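In my numbering, each residue carries its 1-based index in the sequence shown increased by 25. Note that CB positions come from ideal geometry on N, CA and C, so glycine has one too. None of the values given here were measured: they were computed from a predicted structure.
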Amino acid sequence: MDETDQADEQFRRWLRQALGRAAGRFGLVLGEVPPRYGWRLRSAGVPALDARGTRCWLRVGTGLERWVRAPVVGAFWTGIPDSRAVRGVPRPRVLAGMEWSTTDWTRGGQRRCVRADATTLLAGRACSADDELRAPPAMPERWWAALRRGVTAITRTSTSRFACRAGTGVREVFGERVAAAFAPVGFATQHGDLHWANLIGPDCALLDWELWGVAPVGTDAATLYLFALRVPETAERVWAQFADVLDTAAGHTALVHVASRILRHAGHGRYPELAPLVLERVRPLIAARGLG
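And the structure:
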């Protein structure tokens, strides 16, 4: 085990301790399964039982205090408790939450914030182990109908939260001219992270509400579509389900914006099989505006 592996394991132990602290505060008993860790160890979650023996999900998220308190980031930090405002969408119910701060030994004594949230644990299975879809989800027709209703209901939620800052990624990946040509033509409330690991079935529900807020119209549909490109029949189904959103100027703009996020990550080694499919899909949209 090299130094990076050792540091990661030390941080995992610290996250497990944070889960234990939150469980004690909420009166929960942690499950015996190992925690699931989020991207770059930003979070950890585990099943738990409350005093009545009801299963729930306990999640802790963490970030440096200077990052959490920054205006551009602050909305992300309270996404889970703020999701109580979203109506008409199948999702976990928020049960409890708490925050605390501590000294981060890995960053020279900087302050680190921790947020813990307990939510109901819904029955079902995730469509994918991570954000990319690799096999057809094989969900019933009622699942697709509920997904469409849920995505539409989110757009009706009034909020001052934002899901993402538009334009930066497009400019970085495709250049200034493309960013100007695909400036958002409208905004609406979106889940903000609606990939296939955040969807469960056979009873449809949307998980992980950390990033929800205002974003370019069609962001959620574009995210589902592009992350399904490795499974063409599912990608086609997503397009058919959301064609009235995706096959519009706003939808094309959302596709380019979501593609830029995927391709930025691909530049750091993620999505080696998905990224070429994403680029192939959005190139004609860019070329259609004389920018090929």
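Distance cut-off 6 Å: residue i Cβ against heavy atoms of the ligand COA
i	result
E305	Here there are no bound small molecules, and the ligand COA is not part of this structure.
Cβ distance (whole Å) where residue i is taken to contact residue j below 8 Å
i	j	result
L40	P60	7 Å
L219	T248	5 Å
R196	W237	Contact flag wrong, Cβ pair sits at about 24 Å.
L231	P115	7 Å
L66	F101	No, L66 and F101 are not in contact; Cβ-Cβ is about 16 Å, not under 8 Å.
First through last residue of the alpha helix (DSSP H) which encompasses residue i
i	result
D30	E28 to F51
S285	A274 to A291
G104	G104 to D107
R313	Correcting the residue type first, residue 313 is Ala in the shown sequence and not Arg. Careful: A313 lies outside any alpha helix (DSSP H) and carries neither H nor E.
Boundaries (first-last residue) of the beta strand (DSSP E) holding residue i
i	result
L74	S68 to L74
W92	That residue, W92, is in no beta strand (DSSP E); its alpha helix (DSSP H) goes E90 to V93.
A268	A268 -> not in any beta strand (DSSP E); alpha helix (DSSP H) instead, spanning A268 to L271.
E124	V119 to D129
L224	L224 to G226
A213	F212 to Q215
Cβ pair residue i, residue j closer than 7 Å
i	j	result
L89	V71	no
L158	V256	yes
A47	A160	no
A205	V242	no
R286	G194	yes
G149	D228	yes
W221	F252	yes
V96	G122	The residue asked about is misnamed: residue 96 is Pro in this sequence, not Val. Contact: no.
V139	V176	no
Buried versus exposed call for residue i [16 or more other C-beta atoms within 10 Å across all chains shown]
i	result
S183	exposed
Q215	buried
W168	buried
W234	buried
P318	With the chain covering only 26 through 317, there is no way to say anything about residue 318.
D245	buried
T144	buried
D269	exposed
D156	buried
*Complete runs of the alpha helix (DSSP H) confined to the segment 133-209 [at least 4 residues]*: 166-180, 193-199 and 201-206
*Uninterrupted alpha helix (DSSP H) stretches inside the segment 236-264 (no shorter than 4 residues)*: 244-251
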